[in-house]
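Numbering of the sequence shown is given in our numbering, commencing with residue 965 and proceeding in unit increments. By construction, the Cβ of each residue, glycine as well, lies at the ideal position given by its N, Cα and C atoms. Being a predicted model, the structure only gives us computed values, none of them experimental.
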Amino acid sequence: MSAPKILIPFYSRTGTIQRLAEAVAEGARAVGAEVRLRRARELIGVDIMSSVPGWQESADAMNALYEAPTADDAVWADAIIFGTPTRFGAVSSELKAYIDGLGGLWAKGALNGKVGSAFAGSATPHGGNEVTSLSLYPVMAHLGLIIVPPGFADGVMFAGAGTPYGASVVSGNPPAGPTDAELAVGRFQGKRVAEIAKKLITS
Ligand SMILES: Cc1cc2nc3c(=O)[nH]c(=O)nc-3n(C[C@H](O)[C@H](O)[C@H](O)COP(=O)(O)O)c2cc1C
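This is the structure in structure tokens:
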């Protein structure tokens, strides 16, 4: 039986979403999935990146670890799990730029029937991580993806971390985390998406 192929395109500026993305990948790999982790690249200028100590260094370190996501990655995948920090209650422009580059695939219907899922982070508990995951739901619907949320489909969802719409991290300021409970939700989301994708490709 073939392994489900999971693409995790994420944006992270200071590493919080990166660590949650690694947990999502771990959960997917644990049930036999093949995973590609990809980091969307910067859109803002060097002036802004250098205005906060550590931003550029953090971005450089992640870019050394992860390739940028491509349209071919989306074609390869059976499931796409998007990860983003909140930007004023919505998806980061860096991740959205990757998504907007998928228009050619959308026009051909090439993503129809793949699985889609999303996770997010915010600095504060009510700073918009739920609505940020939800901001990707219309996008996934337009792309033709079958949306698979974590729901309350596992005991980890009752531990006070994560949301039924997507794993989440409340990073604080300066950003830190995720907590063990937040990572557990990330692992569950990766596992659940991989299991559903596996059922779809073998049905
Ligand atoms: C331009 C900008 C806008 C942000 N907007 C919000 C926001 O609306 N609510 C919030 O709680 N955090 C907000 N944040 C904080 C980040 O979402 C948060 O620190 C995130 O977890 C960092 O993830 P990272 O370490 O992976 O970059 C914002 C940060 C930036 C730079």
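Where does residue i land, buried or exposed, given buried means 16+ other C-beta within 10 angstroms?
i, result
"F1116", "exposed"
"I970", "buried"
"A1161", "buried"
"K1163", "exposed"
"S966", "exposed"
"D1024", "exposed"
"E1146", "buried"
"E1058", "buried"
"T1088", "exposed"
"D1042", "buried"
"S1135", "buried"
"S1132", "buried"
"P1142", "buried"
Just curious, the beta strand (DSSP E) that residue i is in, first and last residue?
i, result
"E998", "E998 to R1003"
"V1079", "V1079 to S1086"
"G1068", "Looking at the DSSP string, G1068 is not in any beta strand (DSSP E); the run it does join, the alpha helix (DSSP H), is G1067 to A1071."
"P1049", "A1043 to P1049"
"S1132", "S1132 to V1134"
"L971", "K969 to F974"
Could you tell me whether the Cβ atoms of residue i and residue j are closer together than 7 angstroms?
i, j, result
"A985", "L1001", "yes"
"G1154", "A992", "yes"
"P1139", "T980", "yes"
"P968", "P1033", "no"
"G1108", "L1075", "yes"
"V1081", "I1045", "Val is not the amino acid found at residue 1081; the sequence shown has Ser there. Going by C-beta atoms, S1081 is nearer than 7 angstroms to I1045."
"F1083", "G1130", "yes"
"G1092", "T1050", "yes"
"Q982", "M1026", "yes"
"V988", "V1079", "no"
"Y1235", "S1097", "This structure cannot speak to residue 1235, because the chain is shown only from 965 to 1167."
"V1095", "G1053", "yes"
"S1022", "T978", "yes"
"V1112", "A1148", "no"
Which stretch, first to last residue, makes up the alpha helix (DSSP H) that contains residue i?
i, result
"F1152", "D1144 to T1166"
"V1102", "As written in the sequence, residue 1102 is Pro, which differs from the Val given in the question. Start and end: N1093 to L1107."
"V1010", "V1010 to M1013"
"L1075", "Neither: L1075 is in no alpha helix (DSSP H) and is coded neither H nor E."
"R993", "T980 to A994"
"D1024", "W1019 to L1029"
"E1058", "S1057 to D1064"
"V1039", "A1035 to W1040"
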